[in-house]
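Those protein sequence lines, which keep their order, are chains C and F.
Per the numbering used here, residue 552 is the first one in the first sequence, and the count goes up by one each step.
Per the numbering used here, residue 552 is the first one in the second sequence, and the count goes up by one each step.
A virtual CB, placed ideally from N, CA and C, is assigned to each residue, including glycine.
There are 2 protein chains.
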Amino acid sequence: MTLSTTPRTTLGRLRERGATDRTALHDVLDAGLVCHVGLVRDGAPVVLPTGYGRIGDTLYLHGSTGARWLRAGPVCVTVTHLDGLVYARSVFHFSMNYRSAVVFAEARTVADEQERWAALEAIVEHLAPGSWGYARVPNRRELAATVVLAVDLTEASVKVRTGPPGDDPEDVTDAVWAGVVPLTGGYGTPQPDAHVPAGTEPPPHVRTR
Amino acid sequence: MTLSTTPRTTLGRLRERGATDRTALHDVLDAGLVCHVGLVRDGAPVVLPTGYGRIGDTLYLHGSTGARWLRAGPVCVTVTHLDGLVYARSVFHFSMNYRSAVVFAEARTVADEQERWAALEAIVEHLAPGSWGYARVPNRRELAATVVLAVDLTEASVKVRTGPPGDDPEDVTDAVWAGVVPLTGGYGTPQPDAHVPAGTEPPPHVRTR
Numbered sequence: 552m553t554l555s556t557t558p559r560t561t562l563g564r565l566r567e568r569g570a571t572d573r574t575a576l577h578d579v580l581d582a583g584l585v586c587h588v589g590l591v592r593d594g595a596p597v598v599l600p601t602g603y604g605r606i607g608d609t610l611y612l613h614g615s616t617g618a619r620w621l622r623a624g625p626v627c628v629t630v631t632h633l634d635g636l637v638y639a640r641s642v643f644h645f646s647m648n649y650r651s652a653v654v655f656a657e658a659r660t661v662a663d664e665q666e667r668w669a670a671l672e673a674i675v676e677h678l679a680p681g682s683w684g685y686a687r688v689p690n691r692r693e694l695a696a697t698v699v700l701a702v703d704l705t706e707a708s709v710k711v712r713t714g715p716p717g718d719d720p721e722d723v724t725d726a727v728w729a730g731v732v733p734l735t736g737g738y739g740t741p742q743p744d745a746h747v748p749a750g751t752e753p754p755p756h757v758r759t760r
Numbered sequence: 552m553t554l555s556t557t558p559r560t561t562l563g564r565l566r567e568r569g570a571t572d573r574t575a576l577h578d579v580l581d582a583g584l585v586c587h588v589g590l591v592r593d594g595a596p597v598v599l600p601t602g603y604g605r606i607g608d609t610l611y612l613h614g615s616t617g618a619r620w621l622r623a624g625p626v627c628v629t630v631t632h633l634d635g636l637v638y639a640r641s642v643f644h645f646s647m648n649y650r651s652a653v654v655f656a657e658a659r660t661v662a663d664e665q666e667r668w669a670a671l672e673a674i675v676e677h678l679a680p681g682s683w684g685y686a687r688v689p690n691r692r693e694l695a696a697t698v699v700l701a702v703d704l705t706e707a708s709v710k711v712r713t714g715p716p717g718d719d720p721e722d723v724t725d726a727v728w729a730g731v732v733p734l735t736g737g738y739g740t741p742q743p744d745a746h747v748p749a750g751t752e753p754p755p756h757v758r759t760r
């Protein structure tokens with residue numbers, strides 16, 4: 552991620568790997584809210600943020616039928632979590648603690664209505680657990696306006712950096728502080744919109760987020 | 552970002568736009584810690600997370616000379632901030648509040664030593680303000696092992712979504728809660744590494760992060 556040459560756990564391409572690596576991949580994907588989708592348009596790269604959902608070893612993306620980027624073809628889907636800033640004694644070893652998953656696939660347009668429905672449920676439940684069935688599910692018109700893409704998770708890599716800076720021994724001195732500043736994240740107090748009657752509590756699946 | 556068709560502020564391509572949009576672009580870039588860099592390798596997209604720094608209308612990336620992806624050529628650099636989860640009364644209108652910047656450029660390898668030095672300072676100061684000059688600056692060997700790429704910010708787009716869900720009027724009912732769950736983020740307590748003498752306070756630029 553940065554100048555750092557600190558050893559990292561690179562799980563590498565998962566094609567020929569076992570259940571542990573696959574679990575690590577799922578964990579990184581499931582912990583995220585947005586992915587960055589890369590595609591090639593007129594020979595040049597395009598990277599866009601978007602939500603997603605996962606069912607087994609398939610990631611699902613969705614969007615408007617009008618979205619130019621939502622087409623079958625080669626994609627790279629990357630999910631990154633930043634866990635900490637790594638302050639070293641030399642700027643060369645400054646780094647970040649992070650977990651990332653990079654997926655390479657040929658995106659497939661989902662045509663089957665049952666798979667589309669399951670994918671949309673997975674996407675909504677990933678973003679906002681407990682919301683599918685609480686909020687109104689899509690109607691015919693909304694479904695017709697929505698494209699769903701499937702991304703196979705077979706070819707992927709997971710990288711993780713944890714721990715303190717990897718300073719050169721000759722740089723270690725009491726005069727310079729080094730360590731990790733953790734990055735924290737969470738959910739704030741739910742803000743009802745103007746149509747929610749005063750005094751209404753958010754439902755449990757929102758309140759306990 | 553999601554199914555939502557809620558109106559967004561799309562500042563669009565900035566090439567022919569004024570100072571306000573450029574400020575919006577700088578603000579989104581400056582508020583981030585990592586970008587997602589997209590490039591084309593063997594005809595397929597690759598998206599990788601990495602740190603960055605900005606000087607005026609140039610974004611700088613860096614990494615090891617051994618990194619295959621750090622080459623001059625077409626890139627797309629995207630920075631995304633998630634500000635909130637938007638809970639609507641129909642799943643079709645679920646969304647996220649976010650700010651994103653998408654930059655399209657032909658990356659240039661920086662050869663000039665003065666520009667390389669300034670770029671590395673900008674990258675370190677972006678990640679960890681106050682650290683350049685506190686920690687040891689790069690030596691000859693470290694500089695030789697580092698590639699710096701420059702990305703021109705001329706062609707970029709900024710998108711921002713804020714505010715409540717954009718529900719259809721017929722879905723608005725007292726029975727369903729809708730609103731925004733803010734996403735919060737911050738810095739935790741600095742964790743010194745094992746070589747920092749017990750009782751040492753982090754320096755002000757770390758403590759006040």
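Indicate the three-state DSSP secondary structure (helix, strand or coil) for residue i in the structure shown.
i              : result
residue 668(C) : helix
residue 625(F) : strand
residue 588(C) : strand
residue 574(C) : helix
residue 559(F) : Because residue 559(F) carries a pLDDT of 42, less than 50, the predicted location of this residue cannot be relied on, and no value is offered for it.
residue 640(F) : coil
residue 661(F) : coil
residue 552(F) : Low local confidence applies: a pLDDT of 31 at residue 552(F) is under 50, so the model's placement there is unreliable, with the coordinate-based value given in what follows. Coil at residue 552(F), not helix or strand.
residue 596(F) : strand
residue 751(C) : coil
residue 619(F) : coil
residue 760(C) : coil
Hey, how far is the Cα of residue i from the Cα of residue j?
i              : j              : result
residue 712(F) : residue 599(C) : 15 Å
residue 717(C) : residue 686(F) : 13 Å
residue 635(C) : residue 732(C) : 5 Å
residue 742(F) : residue 730(C) : 5 Å
residue 651(C) : residue 626(F) : 20 Å
residue 758(F) : residue 758(C) : 32 Å
residue 590(C) : residue 693(F) : 33 Å
residue 631(C) : residue 708(C) : 12 Å
residue 621(F) : residue 660(F) : 8 Å
residue 714(F) : residue 684(F) : 42 Å
residue 614(C) : residue 748(F) : 53 Å
residue 644(F) : residue 671(F) : 43 Å
residue 710(C) : residue 577(C) : 13 Å
residue 609(F) : residue 610(C) : 34 Å
residue 688(C) : residue 641(F) : 6 Å
residue 755(F) : residue 691(F) : 29 Å
residue 678(F) : residue 750(C) : 42 Å
residue 674(F) : residue 579(C) : 26 Å
residue 676(C) : residue 612(C) : 13 Å
residue 719(C) : residue 639(C) : 9 Å
residue 738(C) : residue 737(F) : 12 Å
residue 654(F) : residue 601(F) : 15 Å
residue 752(F) : residue 649(F) : 36 Å
residue 628(C) : residue 586(C) : 6 Å
residue 583(C) : residue 680(C) : 13 Å
residue 646(F) : residue 664(C) : 22 Å
residue 734(F) : residue 657(C) : 32 Å
residue 705(F) : residue 667(C) : 39 Å
residue 595(C) : residue 727(F) : 44 Å
residue 701(F) : residue 721(F) : 51 Å
Which residues does DSSP list as the beta-bridge partners of residue i?
i              : result
residue 674(F) : Paired residues: none, contrary to the question.
residue 632(C) : 650(C)
residue 611(C) : 604(C) and 701(C)
residue 645(C) : Answer by DSSP bridge pairing: none, since residue 645(C) is not bridged.
residue 656(C) : 626(C)
Would you say residue i faces chain B, with C-beta separation under 8 Å as the test?
i              : result
residue 573(C) : Among the protein chains in the structure shown, which are C and F, there is no chain B.
| Between the stretch 722 to 745 of chain C and chain F, which residues of the former have a C-beta closer than 8 Å to a C-beta of the latter? | 722, 723, 725, 727, 728, 729, 730, 731, 732, 733, 734, 735, 736, 737, 738, 739, 740, 741, 742, 743, 744 and 745
| query | Unbroken beta strand (DSSP E) runs of length 3 or more, entirely within the stretch 664 to 747 of chain F: which are they? | reply | 697 to 703, 707 to 712 and 730 to 738
| task | Taking only beta carbons into account, state which residues of the stretch 665 to 680 of chain C come closer than 9 Å to chain F, listed in chain order. | result | 671, 672, 674, 675, 678 and 679
| field | Members of the stretch 602 to 632 of chain C that neighbour chain F once the beta carbon cut-off is set at 8 Å | value | 602, 613, 614, 615, 625, 626, 627, 628, 629 and 631
| Within 9 Å of chain F by C-beta, residues of the stretch 639 to 654 of chain C in sequence order | 639, 640, 641, 642, 643, 644, 645, 646, 647, 649, 651 and 653
| query | What residues in the stretch 576 to 599 of chain F bring their beta carbon closer than 8 Å to a beta carbon of chain C? | reply | 584, 585, 587, 588, 589, 590, 591, 594, 595, 596, 597, 598 and 599
| Short-range partners of chain C found in the stretch 696 to 719 of chain F, where Cβ spacing is below 7 Å | 697, 715 and 716
| message | So if I threshold CB-CB distances at 7 Å, which residues from the stretch 747 to 758 of chain C count as touching chain F? | response | 747, 748, 751, 753, 754 and 757
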